[in-house]
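Below is one structure; the comments refer to it alone.
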Amino acid sequence: MLQFGERVAGYDVLVVNEREIRAAAGIVFLFAIIAFMNAFLLGEMNATKLMVTGFLIDFSIRLFISPKYAPSMVIGRWMVNNQIPEYVGAPQKKWAWGFGFVLAVVMFYLVILNDIRGPALIITCGLCMALLFLEAVFGICVGCKVYNYFNKDAAQHCPGGVCEIDRVKEHTQTINVVQTGMLVLFIAVMFAAIVWGPEVIQSLGLEVTNRDCTVPEFALGHAEQWKLHNGCAGQ
1 MLQFGERVAG YDVLVVNERE IRAAAGIVFL FAIIAFMNAF LLGEMNATKL MVTGFLIDFS
61 IRLFISPKYA PSMVIGRWMV NNQIPEYVGA PQKKWAWGFG FVLAVVMFYL VILNDIRGPA
121 LIITCGLCMA LLFLEAVFGI CVGCKVYNYF NKDAAQHCPG GVCEIDRVKE HTQTINVVQT
181 GMLVLFIAVM FAAIVWGPEV IQSLGLEVTN RDCTVPEFAL GHAEQWKLHN GCAGQ
């Protein structure tokens with residue numbers, strides 16, 4: 001039971017399923033961003049306190065009992081149990097999650113024990129969410145990359161084979177001139193939309209000016225917020 005990773009035939013080290021890990025990271029990130037936005041936009045810290053407590057419990061179970069018993073990992077396993085597992089080395093994941101555990105302890109100290117709000121909390125939460133985002137969306141484990149700098153035994157069985165130094169990229173992984181041009185064109189169009197979009201809309205007479213800003217009964221008591229969300233701010 002108290003084992004970080006699982007024994008799988010064909011692997012000389014304990015492994016964990018990368019698909020489960022990314023699913024779990026996505027689940028935690030979803031609740032983290034909801035809590036963060038509640039605190040940032042509304043000044044409501046209850047969701048943040050609940051999230052930080054759950055985050056610390058989840059990572060404590062991952063590190064000190066076993067990843068497969070952590071709530072987010074259980075849900076992640078259930079969500080991807082019909083997919084072929086992608087096994088990665090457990091040692092580097094333990095190192096990475098140890099860093100996550102430290103962040104969880106820091107946030108618990110700031111939010112739960114001392115109710116501290118400000119730059120320290122924002123930076124810690126932001127770093128935590130950035131790491132979760134990279135893990136869930138791109139499969140990039142920053143802590144795993146740092147692992148090799150502090151351990152004589154290099155990480156094995158990394159996601160996508162990134163540990164293999166002599167790995168040759170497939171031709172489908174290269175980016176050609178046309179792709180680069182499309183990306184640059186897209187950025188240019190979006191920049192133009194930001195800079196000149198409002199003026200163009202106004203000059204073409206497409207701007208809505210007769211918007212009904214009557215606050216409905218269900219929004220009474222939250223009139224200003226309703227107006228903000230319905231384009232009626234200042235009216």
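Using the numbering used here, you'd call the opening residue of the sequence shown number 1 and step up by one each time. The C-beta atom is built at its ideal place from N, Cα and C for all residues, glycine as well.
For residue i, the first and last residue of its enclosing beta strand (DSSP E)
i	result
residue 87	87 to 89
residue 176	No beta strand (DSSP E) holds residue 176; DSSP gives it neither H nor E.
residue 142	No beta strand (DSSP E) holds residue 142; the alpha helix (DSSP H) holding it covers 142 to 150.
residue 17	15 to 17
Among the options, the one whose alpha carbon lies nearest that of residue i
i	options	result
residue 18	59, 140 and 61	140
residue 151	172, 179, 99 and 95	95
residue 79	120, 200, 26 and 203	26
residue 81	169, 223, 56 and 22	22
residue 107	183, 122 and 83	122
residue 49	146, 56 and 111	111
residue 131	197, 120, 97 and 149	97
C-alpha gap between residue i and residue j, whole angstroms
i	j	result
residue 226	residue 215	7 Å
residue 24	residue 7	21 Å
residue 115	residue 54	17 Å
residue 212	residue 177	49 Å
residue 232	residue 218	16 Å
residue 223	residue 44	18 Å
residue 10	residue 159	16 Å
residue 20	residue 68	9 Å
residue 182	residue 117	43 Å
residue 142	residue 135	8 Å
residue 102	residue 138	23 Å
residue 83	residue 170	23 Å
residue 184	residue 120	36 Å
residue 12	residue 149	21 Å
residue 190	residue 197	9 Å
residue 46	residue 205	45 Å
residue 193	residue 109	44 Å
Own chain residues within Cβ distance below 8 Å of residue i, not counting five before or after
i	result
residue 129	29, 32, 33 and 36
residue 195	none
residue 105	56
Sequence-distant residues of the same chain with beta carbon closer than 7 Å to residue i, five excluded per side
i	result
residue 15	5, 6, 8, 87, 88, 89, 90 and 157
residue 71	58
residue 133	29
residue 51	31, 32 and 35
Range of the contiguous alpha helix (DSSP H) that encloses residue i
i	result
residue 38	Counting along the chain, residue 38 falls outside any alpha helix (DSSP H), and DSSP gives it neither H nor E.
residue 59	46 to 64
residue 121	119 to 133
residue 215	No alpha helix (DSSP H) contains residue 215, which DSSP labels as neither H nor E.
Residues of its chain near residue i, where Cβ-Cβ distance is below 6 Å and the 5 sequence neighbours each way are ignored
i	result
residue 3	66
residue 92	144, 147 and 155
residue 99	143
Could you tell me whether the region 81 to 90 touches the region 118 to 126, using the rule of 3 or more Cβ pairs below 8 Å? No, the region 81 to 90 is not in contact with the region 118 to 126.
Are three or more beta carbon pairs between the region 59 to 72 and the region 168 to 176 nearer than 8 Å? Contact fails: fewer than three Cβ-Cβ distances are below 8 Å.
Do the region 37 to 44 and the region 65 to 81 meet, that is, are 3 or more Cβ pairs less than 8 Å apart? Between the region 37 to 44 and the region 65 to 81, the count of Cβ pairs shorter than 8 Å is below three; the stretches do not touch.
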